[in-house]
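The next block holds one structure in the form of structure tokens; read it before the comments.
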Amino acid sequence: MKSTTKSLALLALHEESQVGGDIVVASSSYYEATPNDEEQTTTSQSSPRLRKRNLQSSSTYAPGCGPSSGTIHSPYLGCYTDKSSSPTSRAFPFELYESYSRDKRLGHSATDCERECSKLGYRYFGREFRGQCFCGNVREGSGGWERYGEGEGCDCCGANVGGGRMCVWENANHPDSTQEVPKAPIVLPNSQPIQQLSAVQAQPAHTSYISTNNVASASISSSSNNQVVPSSSSSSSSSNHFIQTLYTTTKPIGGFRIRLYWQNGYNWQGSSRERFWCMECRGACTDNTSIQIDSCSSSTAEQKFLAIGKTIRPSSNPGLCLTSMGYSGKSNPIRLRSCNGASNQSFNELRQYGKFELQPDDNGGRCLSQHHHPKAKEAIYPENCSKSRRFDTTYWITF
């Protein structure tokens, strides 16, 4: 099977959760993509009704955010025009930190806007200029954010969205919203994006499973309609998680590196020269090992990672997850701990293309970074995003 130019090794994570009388299977299943993200339903006398949905990538990507909406639970609605002549002329009625200093009002990412506007109960939010966040509940009419019409040329996840332009999203978790949470494309190790795999390519001969503390080992079978479905070799509960790769080995190999993003104009340690700092295990990737940065090396196994769901794991030991140990600064570095599904092992914004911040799921406003300008062997920990952005050490890229 041919490899894509850049395969992030995001693994397909099969998660089941009880919702009412149904089990909703949130999985990028090995099915051929169905038009319009159609639902497939199966029934069994011995189990609740399964509602399986292909997690097909959304067709609406936010400009400048790579193949994603740039947010976690809010689909992108479009690029629109806004006016800034006075607060009352704004398309949105509420701005975050409006009465604060310029530094406080600017520099927010799309996920910052999403998090804060959602916490305040707003249905819609926008990002404009150099990271200003706006919130509102009305779409149409004189008081709605559509009042000035659509725009063009937005850079939704960039440092500057664009003059008189704003990117708008809808909070899919708002009680009045009928939107679905955006779906990011899943890319498997040395493979094409999952929605591009044919039924032939996804046959069991190409598939293996890995087992971790809360991942059940399993075999697979394929049904007559070319669906490749996990089925346990022994009885297992609906809480089992299946992790599937296209490798024929017993555990994943390879993986991707997470490099500290650099661009022209950055000045680290008094130098404008491009530097290559990568995230790595401090020594062997074993339990309780901390995470640090060091020079990127093409042969260092300690710098290879996998992404499974919202967890990040060393490819040499995928039963361990990057874990936030606290929020008091560099004295609480990120460590490897046994994966247990806890919120301090979930990180938002990891993506295959372009720069991104890594924000712990259990503490908004924190970004994985190191202390001030980067140096070898510095620990990675959850820093205040405002501080890491100020020192140009907030963004990462994968390769």
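Residue numbers are given in my numbering: position 197 of the sequence shown equals residue 198, and the series is strictly consecutive. By construction, the Cβ of each residue, glycine as well, lies at the ideal position given by its N, Cα and C atoms.
**Message:** Is it buried or exposed, residue 304, if we count other Cβ atoms within 10 angstroms and call 16 or more buried?
**Reply:** As a working note, residue 304 is residue 303 in the sequence shown. Counting Cβ neighbours within 10 Å, residue 304 comes out buried, since at least 16 surround it.
**Message:** I believe residue 397 touches residue 262 by the beta-carbon criterion, under 8 angstroms. Please report the beta-carbon distance rounded to the nearest angstrom.
**Reply:** Within the sequence shown, the letter at position 396 stands for residue 397. Within the sequence shown, the letter at position 261 stands for residue 262. Sure, about 6 angstroms apart at Cβ, within 8 angstroms.
**Item:** Contact under 8 angstroms by Cβ, residue 131 with residue 111
**Value:** For the purposes of this step, residue 131 is taken as residue 130 along the sequence shown, with counting starting at 1. For the purposes of this step, residue 111 is taken as residue 110 along the sequence shown, with counting starting at 1. Not a contact, by the Cβ cut-off of 8 angstroms.
**Asked** Who are the Cβ neighbours of residue 161 in its own chain at under 6 angstroms, not counting the five residues just before and after it?
**Response** Counted from its first residue, the sequence shown places residue 161 at position 160. Only 131 meet the Cβ criterion.
**Asked** In whole angstroms, what separates the C-alpha of residue 273 from that of residue 336?
**Response** If you number the sequence shown from 1, residue 273 lands on position 272. If you number the sequence shown from 1, residue 336 lands on position 335. When rounded, the distance between both Cα atoms is 31 angstroms.
**Request:** Kindly confirm or deny that the stretch 133-148 and the stretch 91-107 touch, where touching means at least three C-beta pairs closer than 8 angstroms.
**Result:** Taking 8 angstroms as the limit for Cβ pairs, the verdict is that the stretch 91-107 does touch the stretch 133-148.
**Request:** Counting only runs of 4+ residues fully inside the stretch 362-387, write out the alpha helix (DSSP H) ranges in chain order.
**Result:** none
**Prompt:** Tell me which same chain residues have a C-beta within less than 7 angstroms of the C-beta of residue 153, skipping the five on either side of it?
**Reply:** As a first step, residue 153 is located in the sequence shown; it is residue number 152 there, counting from the start. Once the five neighbours on either side are set aside, the close Cβ partners of residue 153 are 80.
**Request:** Would you be able to state if there are at least three C-beta pairs under 8 angstroms between the stretch 276-286 and the stretch 306-324?
**Result:** yes
**Message:** Below 8 angstroms, how does it come out for the stretch 324-336 and the stretch 378-387: are there three or more Cβ pairs, yes or no?
**Reply:** yes
**Reference residue 290, options 391, 297, 393 and 314, closest by Cα** = Locating residue 290 in the sequence shown gives position 289, counting from the first residue. Of 391, 297, 393 and 314, the residue nearest in Cα terms is 314.
**Request:** Please determine, among 391, 142 and 72, the residue with the shortest C-alpha to C-alpha distance to residue 107.
**Result:** Start at 1 with the first residue of the sequence shown, and residue 107 comes out as number 106. When each option's Cα is compared against that of residue 107, the closest is 391.
**Asked** In this structure, does DSSP put residue 171 in helix, strand or coil?
**Response** Position 170 of the sequence shown, counted from the start, is the residue given in the question as residue 171. It is a strand residue.
**Request:** Figure out for me which residue from 71, 174 and 378 has the closest Cα to the Cα of residue 159.
**Result:** For the purposes of this step, residue 159 is identified with residue 158 of the sequence shown, where counting begins at 1. Closest by alpha carbon: 71.
**Prompt:** For residue 350, which three-state DSSP category applies?
**Reply:** Along the sequence shown, read from residue 1 onward, the residue named residue 350 stands at position 349. Of the three classes helix, strand and coil, the one that applies to residue 350 here is coil, per DSSP.
**Prompt:** Looking at C-alpha atoms only, which residue of 361, 277, 395 and 307 is the closest neighbour of residue 377?
**Reply:** For the purposes of this step, residue 377 is taken as the residue at position 376 of the sequence shown. For residue 377, the nearest C-alpha among the options comes from 277.
**Asked** Among the residues of its own chain, which have a CB less than 6 angstroms from the CB of residue 114, if the five just before and after it don't count?
**Response** Translated into positions along the sequence shown, residue 114 becomes position 113. Closer than 6 angstroms at the Cβ level, and outside the excluded window around residue 114, lie 126, 128 and 134.
**Request:** Look up residue 280 in the DSSP assignment and give the residues it is bridged to.
**Result:** The residue given as residue 280 occupies position 279 in the sequence shown. DSSP lists 294 as the bridge partner or partners of residue 280.
**Request:** Kindly indicate which three-state DSSP category residue 301 falls into: helix, strand or coil?
**Result:** Position 300 of the sequence shown, counting from 1, holds the residue named residue 301. Three-state DSSP puts residue 301 in coil, outside helix and strand.
**Prompt:** On the three-state DSSP scale, how would you describe residue 395?
**Reply:** Within the sequence shown, residue 395 is the residue found at index 394, counting from 1. Coil at residue 395, not helix or strand.
**Prompt:** So residue 366 and residue 386 are in contact, right, with Cβ under 8 angstroms, and what is the actual spacing, rounded?
**Reply:** Counting from 1 along the sequence shown, the entry for residue 366 is found at position 365. Counting from 1 along the sequence shown, the entry for residue 386 is found at position 385. With a beta-carbon spacing of about 6 angstroms, residue 366 and residue 386 fall inside the 8 angstroms limit used to define contacts.
**Request:** Confirm the yes/no value for this check: CB of residue 102, any heavy atom of the ligand SAM, distance under 7 angstroms.
**Result:** Among the components of this structure there are no ligands whatsoever, and the ligand SAM is therefore not found.
**Message:** Measuring straight from C-alpha to C-alpha, what distance separates residue 104 and residue 167?
**Reply:** By 1-based counting over the sequence shown, the position of residue 104 is 103. By 1-based counting over the sequence shown, the position of residue 167 is 166. Roughly 19 angstroms separates the two Cα atoms.
**Request:** Report the residue from 360, 69, 329 and 311 whose alpha carbon sits nearest the alpha carbon of residue 341.
**Result:** Taking the sequence shown and counting its residues from 1, one reaches residue 341 at position 340. Out of 360, 69, 329 and 311, 311 has the C-alpha closest to the C-alpha of residue 341.
**Prompt:** Between residue 303 and chain B, is there a C-beta pair that is closer than 8 angstroms?
**Reply:** The structure shown contains no chain B, having only a single protein chain.
**Item:** Cα-Cα separation, residue 260 to residue 141
**Value:** By 1-based counting over the sequence shown, the position of residue 260 is 259. By 1-based counting over the sequence shown, the position of residue 141 is 140. The alpha-carbon atoms of residue 260 and residue 141 are separated by roughly 42 angstroms.
**Prompt:** Whose C-beta lies closer than 7 angstroms to the C-beta of residue 359 among residues of the same chain, with five residues either side of it excluded?
**Reply:** Translated into the one-based positions of the sequence shown, residue 359 becomes position 358. So the qualifying residues of the chain are 348, 350, 351, 368, 369 and 397.
**Prompt:** Rounded to a whole number of angstroms, what is the C-alpha to C-alpha distance between residue 100 and residue 151?
**Reply:** In the sequence shown, residue 100 corresponds to position 99, counting from 1. In the sequence shown, residue 151 corresponds to position 150, counting from 1. Roughly 28 angstroms separates the two Cα atoms.
**Request:** Please classify residue 353: is it buried, with 16 or more other beta-carbons within 10 angstroms of its beta-carbon, or exposed?
**Result:** Along the sequence shown, read from residue 1 onward, the residue named residue 353 stands at position 352. Its Cβ being crowded by 16 or more others within 10 Å, residue 353 is buried.
**Top-ranked residue by Cα proximity to residue 66, from 170, 136, 139 and 122** = By one-based count along the sequence shown, residue 66 stands at place 65. Checked all of 170, 136, 139 and 122; the closest Cα to residue 66 is 170.
**Prompt:** Taking C-beta to C-beta, are residue 163 and residue 156 nearer than 8 angstroms?
**Reply:** Here residue 163 is taken as the residue at index 162 of the sequence shown, counted from 1. Here residue 156 is taken as the residue at index 155 of the sequence shown, counted from 1. Taking 8 angstroms as the cut-off, the beta carbon of residue 163 is found closer than this to the beta carbon of residue 156.
**Asked** Among 73, 139 and 88, which one has its Cα closest to the Cα of residue 117?
**Response** The residue labelled residue 117 in the question sits at position 116 within the sequence shown. The shortest Cα separation from residue 117 among 73, 139 and 88 belongs to 73.
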